[in-house]
Structure formats: structure tokens, C-alpha cells
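Its first residue numbered 11, the sequence shown is counted upward by one per residue in our numbering.
From the three backbone atoms N, C-alpha and C, an ideal C-beta is built for every residue, glycine too.
Since the structure is predicted, the reported quantities are computational estimates derived from the model, not experimental observations.
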Amino acid sequence: MGAWTMTGKARANRFREALAAVSHARLGLMAATVAGLAVLLTLGDPGLSIDEPLDVRPGRTYVAALQARGWRFFERGFVERVFRDNAEHPPLGRWLLGLASSLGEPFQIMLFGADPTGLYVLSGRLAPALAFAILVGVVAAESSRRWCRAAGIGAGWALLVMPRVFAHAHLAALDTFLSLFWTTALLAGVRATAPLASIRASIGAGALWSLALLTKIHAWLLLPILAIWAFTRLSRQSAFRTIMVWTLTGVGLFLAGWPWLWYDNLARWKAYWGTSVQRATIMVEYFGQIMADRDVPWHYPWVYFAVTVPIGLQFLGICGLVAGWRQRRVDRFPWLLAATIVVFLGLFSTRIPVYDGERLFLHVFPAWAMLIGLGFGRLWQRWGTLRSRRYLLAGLLVTQCYGVLALHPFGLSYYNMLTGGLPGAQRLGLELTYWSDAVDRVLLDRLAAEIRPGAGAALAPTLYQGQGILTTTAALVRRDVVLQDDEAAKGSEWVVISRRRAYWKPDLTARLESGTGQRIFTRNRQGVWLSALWHFPRAGPGRDPAARGGYQDRSSSSNAAAGLSTILAP
11 MGAWTMTGKA
21 RANRFREALA
31 AVSHARLGLM
41 AATVAGLAVL
51 LTLGDPGLSI
61 DEPLDVRPGR
71 TYVAALQARG
81 WRFFERGFVE
91 RVFRDNAEHP
101 PLGRWLLGLA
111 SSLGEPFQIM
121 LFGADPTGLY
131 VLSGRLAPAL
141 AFAILVGVVA
151 AESSRRWCRA
161 AGIGAGWALL
171 VMPRVFAHAH
181 LAALDTFLSL
191 FWTTALLAGV
201 RATAPLASIR
211 ASIGAGALWS
221 LALLTKIHAW
231 LLLPILAIWA
241 FTRLSRQSAF
251 RTIMVWTLTG
261 VGLFLAGWPW
271 LWYDNLARWK
281 AYWGTSVQRA
291 TIMVEYFGQI
301 MADRDVPWHY
311 PWVYFAVTVP
321 IGLQFLGICG
331 LVAGWRQRRV
341 DRFPWLLAAT
351 IVVFLGLFST
361 RIPVYDGERL
371 FLHVFPAWAM
381 LIGLGFGRLW
391 QRWGTLRSRR
401 YLLAGLLVTQ
411 CYGVLALHPF
421 GLSYYNMLTG
431 GLPGAQRLGL
441 ELTYWSDAVD
451 RVLLDRLAAE
461 IRPGAGAALA
471 PTLYQGQGIL
481 TTTAALVRRD
491 VVLQDDEAAK
501 GSEWVVISRR
511 RAYWKPDLTA
521 RLESGTGQRI
531 FTRNRQGVWL
541 SALWHFPRAG
551 PGRDPAARGG
561 YQDRSSSSNA
571 AAGLSTILAP
């Protein structure tokens with residue numbers, strides 16, 4: 011009878027655990043669905059960012075070459091032709107972008123017409139949108155499983171409404187992929203280092219790690235982090251065996267997945283590691299000073315981490331750290347999450363380039379979202395049955411979406427109340443826009459409506475040759491207009507300006523200061539302009555389109571100089 015009772019209790023416990031797992035998975039699925047719809051329904055809103063063509067083009071090349079060559083794709087000569095000009099990053103993210111762009115191309119043509127650049131970046135954005143949806147679901151489900159359902163809801167919501175994270179999910183670039191693969195590899199690695207975990211779990215965790223390795227070089231830092239974690243949880247022999255299996259699996263699949271490293275192994279392996287330190291110098295605007303990326307102060311990444319997440323979420327994250335400290339004897343996982351954040355912020359406090367604001371450590375925000383969820387869950391539990399307090403707490407969480415709504419589609423320009431929002435960031439001399447995403451369809455459609463056929467137009471600033479051409483829309487092509495790079499901005503009749511002042515050339519600044527041009531139209535958020543359309547009249551009477559009137563946001567030539575301090579203010 012006693013044995014039967016024990017068996018019945020064991021079965022009941024397993025049933026409850028299975029039911030709880032279904033509940034956590036269902037929460038994750040709901041969170042993923044909400045996040046996916048939020049991104050998909052706004053996918054075309056941001057303008058073309060600087061890196062997107064540079065990542066989508068190689069991906070489309072991979073896909074087309076594999077279709078054309080089959081297994082011959084992996085021959086040495088063909089590998090060198092395909093990968094030679096894009097080997098600064100491993101290929102997985104670009105494969106995903108290329109697949110999405112190629113598969114989505116017919117639908118994009120059907121809905122929006124042909125892309126004159128032939129890249130179909132909008133279709134490529136489908137891949138990071140899906141990756142972001144999965145990431146939000148994973149974060150919500152894992153937080154719910156580890157702590158409580160309130161923690162899962164808080165974590166998923168926090169990640170969704172971080173304006174810069176949400177904005178990056180719209181871009182056909184590598185960073186959202188890394189966030190997904192890093193986070194899943196970390197979580198799988200933690201499970202693989204549990205005392206009763208199997209070798210199969212280590213192999214699976216290593217396979218997930220290989221996906222992160224095949225996306226960006228950052229993923230190598232998971233090796234020392236997880237090794238330290240394993241040796242603090244397991245016996246020395248078990249930890250060594252687990253880490254060896256995990257490492258061999260991850261590195262083996264990484265090497266198998268990147269044909270570029272199959273040939274000239276030593277030279278290419280050395281070049282790969284050099285990409286983390288041997289980069290072109292990028293100029294950065296930081297607290298009113300324009301400086302080289304390696305010269306930014308040590309606190310640059312810490313400041314950006316502090317000011318790019320809504321302040322209410324930062325408060326809940328601190329509550330999560332406090333809760334993690336209090337339960338450190340029974341659950342050290344919160345401190346592993348905190349350690350991954352500190353490792354990367356500390357790394358980018360050195361002379362390693364940190365020129366991309368939050369982008370180079372974007373993958374730490376899912377860990378921070380989980381700590382935010384922990385803080386929210388603990389407060390929710392502490393306030394028990396006090397319904398009014400729970401309403402207040404839920405209201406605090408919901409209102410953190412303000413930044414996403416207020417800044418969209420320019421969430422990459424978001425700053426929280428520590429700076430006084432975007433207007434405060436402008437006064438402090440922080441970077442207002444970086445990725446050219448504010449040069450969006452609305453601004454370019456306005457240019458197409460105003461410009462005479464065949465007139466000269468330029469995009470400024472541009473960071474590589476042909477960026478202007480790649481930004482040209484079908485509406486502009488129909489007007490026989492192709493955007494030129496910023497070298498042409500000193501003489502073009504029309505200039506499309508992104509407010510990345512660190513790359514404004516002196517002749518562009520002088521032309522804007524001359525008072526001869528008119529600011530025809532701007533894209534603003536919170537009273538701060540992020541991109542603008544300027545017109546400079548051609549020689550001869552009656553040629554100025556100002557005579558037509560009706561321009562929104564127009565500044566006349568006479569008062570342009572008088573308002574220059576406002577227009578060009580940092």
C-alpha cells in the first residue's frame with residue numbers, strides 16, 4: 011500500500027510538472043506571437059539603415075550561388091569568390107537574411123513593387139523579426155519556469171518595449187540573431203551543467219552555441235563564462251567532461267558551418283580573430299565631443315546601458331538584482347545573468363571599439379529583461395492580495411511602452427529620463443541618430459513629390475561608396491532621380507540629411523550655415539529633428555520651388571541664418 015502511495019505521488023508530481031511546463035510554454039508562445047506581430051506590422055517603417063545592404067547582399071549571393079552550383083559551392087575557388095569580400099563576420103546571419111530576402115522577394119514585388127536596388131531588404135527584415143519573436147518567447151517562458159508567471163510576463167514585456175531592442179528587430183542586420191543565439195546557448199548551457207544533466211544535453215547546448223559562433227565573434231566569451239559556472243556547480247571531473255563535450259561540439263559545428271575557414275586555415279583563422287581589434291576607425295559624438303571610437307571614455311558603454319532602457323524597467327531590474335542577492339544561496343542563476351552583462355560592459359570599457367552605441371552589447375538586454383522580470387515577479391508576490399498595489403505595479407509595467415510608441419519608427423534614437431529624453435540628449439551632445447534609419451520612406455516620398463525630374467540630389471552623410479544609390483526608392487527612380495553620396499552634397503540642388511553630426515563634412519556644414527538653402531521637411535521626435543530635406547536654389551530667376559508655396563517645415567533663406575543655432579544645435 012505504501013509503495014503504491016509513493017508511486018501515485020510520483021506520478022502526480024510528474025503530471026503537475028508537465029502541466030506547469032505546458033503553462034510556461036504557452037506563456038512563451040503568447041509572448042512570441044505578440045512580439046512577432048508588433049514587429050511584422052511595422053516592419054517597413056524605419057528607413058534603410060547603414061549596415062542592411064552590406065549584410066543582405068552577401069546573403070543573397072550565398073543563396074543564389076548555392077542554387078546555381080549545388081555541392082560545387084564548397085569548392086575552394088568558388089568559396090573564395092563568394093566569401094572573399096564579406097569574411098569579417100561568420101556567415102549564419104547573412105544566410106538567414108539572404109533566405110528571407112529571396113523567399114520574400116515575390117511577395118514584396120506583389121505588395122510594394124520591384125526594389126530598384128535588387129536587394130529586397132524589406133523582405134530580409136522578416137528573418138530578424140522572427141528571431142526577435144522567438145527571443146521574447148524564450149525569455150518569457152524561461153523566466154516563468156524559473157520564478158513565477160508574473161516574472162515571465164514582466165520579462166517578455168520588458169524585452170518587447172525596450173525601444174532600441176525593438177527597433178533593432180526591424181533591421182536586416184546581425185545583432186538580433188546574436189541576441190537570440192547567445193541567449194538560447196546560455197540557457198541551454200546552464201541546463202547542461204545541472205548535476206544530473208546528460209551528455210546529450212551538453213551536445214545540444216554546444217550545437218546552440220555554434221549558432222552564436224557562426225553569427226558574431228562575441229559568442230566566444232560564452233566559453234569562459236560557462237566554464238566557470240560549470241566548475242562552481244559540478245565536481246571537477248564532471249565539469250571538465252561537460253565543458254569538453256560542449257566545446258568540441260560547438261567549435262566543430264562552427265568550423266563545419268563556415269567554408270571560408272576550410273582553406274588557408276592558419277591565415278584566415280588569424281584574420282578572423284583580428285576583426286575584433288583591427289577595424290576601421292569610426293567617429294563618435296559623445297557629450298558634445300567628436301572623437302575616434304577607441305578614444306571614448308571608459309564609461310561610454312555603462313552610460314548607454316543606463317540611458318537607453320526606460321527608467322521604470324531600470325528600477326525593476328535593480329529590484330531583480332536585490333532579489334537575486336537575497337536568494338543567492340538557493341539560486342545563483344540571477345547572478346550569472348548579471349555577470350554576462352558586466353563582462354561585456356567591462357570589455358567595452360577598454361580600448362576595444364564601442365562606436366555602435368548599444369549595438370555591440372545588444373545581446374545583454376535579454377539577460378537584463380529576465381532580471382527585470384524577476385524584480386517584477388518578486389514585487390508582485392510580496393504585495394500578495396493587495397489588489398490596488400498590484401494594479402499600480404501592473405500600470406508601471408504597461409506604461410514603459412511609452413518610449414516605443416513615442417519614438418517609433420526611430421527607436422534607435424531613444425533616451426530615457428536620465429538624460430531628459432531625446433531633447434535632453436540633444437542638450438548633452440549625445441548621438442541623436444546613428445544608423446540613417448530616420449531617412450525613411452516618408453522623407454524620401456516627400457523628396458519625390460517635390461523634386462523636378464532629373465534634378466540632382468545627394469544623401470549626407472554616407473559611410474561607404476554607393477550608399478546613396480542603395481537608399482534610392484522606386485518613387486525617386488520614376489522621377490529620374492538617383493541619390494548621390496555625400497561628396498555631391500556641396501553642389502546638389504537637393505540634399506537629404508541624416509543628423510549624424512560626427513560625419514558631417516565641413517563643406518556640408520558650411521553650406522547649411524550659408525543661409526542660401528531652405529529646410530523643406532523634417533522627421534522629428536519629441537521636438538528634435540533627426541533627418542531633413544534641404545533645397546538649394548539653382549542659378550537664375552524663378553527657379554526656386556519656394557514660389558510654389560505650401561511646404562511644411564520650411565525655413566526661408568532670410569531667416570535660415572537667424573535660426574541656424576536651432577537647426578544645427580548639437
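Nearest-angstrom Cβ-Cβ length linking residue i and residue j, presumed shorter than 8 angstroms
i, j, result
"alanine 468", "serine 524", "Going by Cβ atoms, the distance from alanine 468 to serine 524 rounds to 16 angstroms, so no, they are not a contact pair."
"tyrosine 425", "glycine 434", "7 angstroms"
"isoleucine 10", "leucine 493", "A question about residue 10 goes unanswered here, because the residues of the chain that appear run from 11 up to 580."
"arginine 338", "serine 423", "Contact flag wrong, Cβ pair sits at about 38 angstroms."
"alanine 222", "tryptophan 192", "5 angstroms"
"alanine 151", "histidine 34", "5 angstroms"
"threonine 71", "valine 92", "6 angstroms"
"arginine 451", "threonine 481", "Their Cβ separation, rounded to whole angstroms, is 11 angstroms, which puts arginine 451 and threonine 481 out of contact at 8 angstroms."
"arginine 174", "threonine 318", "5 angstroms"
"alanine 377", "isoleucine 351", "6 angstroms"
"glycine 262", "leucine 184", "That pair is no contact at about 22 angstroms."
"tryptophan 268", "leucine 331", "With a Cβ gap of about 37 angstroms, tryptophan 268 and leucine 331 do not count as contacting."
"serine 398", "leucine 453", "Not a contact, Cβ separation roughly 46 angstroms."
"cysteine 411", "valine 171", "4 angstroms"
"tryptophan 270", "alanine 97", "5 angstroms"
"tyrosine 314", "glutamate 368", "5 angstroms"
Counted within 10 angstroms of its Cβ, other Cβ atoms place residue i as buried (16 or more) or exposed
i, result
"valine 73", "buried"
"arginine 456", "buried"
"arginine 521", "buried"
"proline 516", "exposed"
"proline 234", "exposed"
"leucine 578", "Its pLDDT being 36, under 50, leucine 578 is placed unreliably in this model, and the value from its coordinates should be taken loosely. The residue is exposed, with fewer than 16 neighbouring Cβ atoms inside 10 Å."
"glutamine 475", "exposed"
"leucine 258", "exposed"
"glycine 464", "exposed"
"glutamine 436", "buried"
"lysine 280", "exposed"
"leucine 415", "exposed"
"alanine 302", "exposed"
"tryptophan 544", "buried"
"proline 205", "exposed"
"glutamine 247", "exposed"
"glycine 559", "Confidence at glycine 559 is low in this model, with a pLDDT of 36, below 50, so the placement of that residue is unreliable and no value is reported for it."
Sub-8 angstroms separation of residue i and residue j beta-carbons
i, j, result
"methionine 129", "arginine 67", "In the sequence as presented, methionine is not what sits at residue 129; that position holds leucine. Their beta carbons are under 8 angstroms apart, which means leucine 129 touches arginine 67 by this criterion."
"isoleucine 413", "glycine 327", "Reading off the sequence, residue 413 comes out as glycine, not isoleucine. For glycine 413 and glycine 327, no; Cβs fall outside 8 angstroms."
"leucine 265", "proline 311", "no"
"leucine 37", "arginine 159", "yes"
"leucine 140", "glycine 46", "yes"
"alanine 8", "aspartate 65", "Any answer about residue 8 is impossible in this case: the structure gives the chain only from 11 up to 580."
"alanine 379", "alanine 42", "no"
"leucine 347", "leucine 396", "no"
"phenylalanine 343", "arginine 155", "no"
"tryptophan 504", "proline 471", "no"
"glycine 439", "glycine 298", "yes"
"valine 49", "alanine 165", "no"
"leucine 218", "histidine 373", "no"
"alanine 237", "glycine 214", "no"
"leucine 486", "alanine 458", "yes"
"alanine 499", "leucine 518", "yes"
"arginine 488", "isoleucine 461", "no"
Per DSSP, cross-strand counterpart(s) of residue i
i, result
"leucine 543", "Val506, Phe531"
"leucine 469", "Val506"
"tyrosine 474", "BP columns for tyrosine 474 are empty, so no partner."
"methionine 380", "Answer is none; methionine 380 lacks a bridge partner."
"valine 294", "Met301"
Beta-carbon contacts of residue i that lie in its chain and below 8 angstroms, excluding the five residues immediately before and after
i, result
"proline 551", "Unreliable positioning characterises proline 551 in this predicted model, as indicated by a pLDDT of 46, which lies under 50. The coordinate reading is nonetheless provided below. For proline 551, where only same-chain residues beyond five positions count, there are no Cβ hits under 8 angstroms."
"leucine 58", "Val131, Ser446, Asp447, Val449, Leu480, Thr481"
"threonine 52", "His180, His418, Pro419"
"alanine 349", "Ile235"
Same chain, Cβ closer than 6 angstroms to residue i, five either side skipped, listed in chain order
i, result
"phenylalanine 241", "Ala249"
"glutamate 441", "Glu295"
"aspartate 55", "Pro419"
"leucine 107", "Asp65, Val66, Gly69, Gly134, Ala137, Ala182"
"glycine 162", "Leu37, Ala150, Ser153, Ser154"
"isoleucine 253", "Ala237, Ala240"
Same chain only: Cβ atoms within 7 angstroms of residue i, ignoring 5 sequence neighbours per side
i, result
"alanine 211", "Arg201, Ala202"
"methionine 427", "Ile321"
"leucine 389", "Cys329, Leu403"
Interface flag, residue i vs chain D, CB-CB below 8 angstroms
i, result
"arginine 342", "Note that chain D does not occur in the displayed structure, where there is just one protein chain."
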